[in-house]
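Structure, as structure tokens:
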Amino acid sequence: MKTNTYVKDLQAKSAADLNEELVAAKKELFNLRFQNATNQLDNTARIKEVRKNIARIQTVIAQKNA
């Protein structure tokens with residue numbers, strides 16, 4: 529259920545907001561990968577979650593462009 533509300537929130541946003549959210553998610557993923565490489569990351573499942581969120585954002589962007 530949590531992902532459904534997240535996707536609905538994404539669909540309600542404008543294209544500019546979605547692009548900003550995408551950039552922020554990619555920065556977060558970079559930071560998580562960096563922390564993982566230096567053994568500072570406690571919750572490694574967060575990487576997978578952020579990757580899926582990036583895919584969700586890109587899907588909504590593609591739907592809006594179509």
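The sequence shown maps to residues 529 to 594 in this note's numbering. Note that beta-carbon positions come from the ideal geometry of N, C-alpha and C, so glycine has one too.
Next item on the list: Taking residue 536 as part of the alpha helix (DSSP H), name the residues at either end of that continuous run.
Entry: By 1-based counting over the sequence shown, the position of residue 536 is 8. Note, residue 536: alpha helix (DSSP H), 530-540.
Item checked: Endpoints, the alpha helix (DSSP H) within which residue 587 is located -> Sequence index remark: in the sequence shown, residue 587 carries index 59 (1-based). Residue 587 -> alpha helix (DSSP H) spans 573-593.
Next item on the list: Would you tell me roughly how many angstroms separate the C-alpha atoms of residue 533 and residue 541, rounded to the nearest one?
Entry: As a first step, residue 533 must be located in the sequence shown, where it is residue number 5. As a first step, residue 541 must be located in the sequence shown, where it is residue number 13. Computed Cα separation, rounded: 13 angstroms.
Next item on the list: Determine the contact status of residue 578 and residue 594, defining contact as a CB-CB distance below 7 angstroms.
Entry: Working through the sequence shown from its first residue, we reach residue 578 at position 50. Working through the sequence shown from its first residue, we reach residue 594 at position 66. Going by C-beta atoms, residue 578 is not nearer than 7 angstroms to residue 594.
Notebook entry, point to check: Expressed to the nearest angstrom, what Euclidean distance is found between the alpha-carbon atoms of residue 557 and residue 563?
Noted result: The count along the sequence shown starts at 1 and reaches residue 557 at position 29. The count along the sequence shown starts at 1 and reaches residue 563 at position 35. Rounded to whole angstroms, residue 557 to residue 563 spans 10 angstroms at the Cα level.
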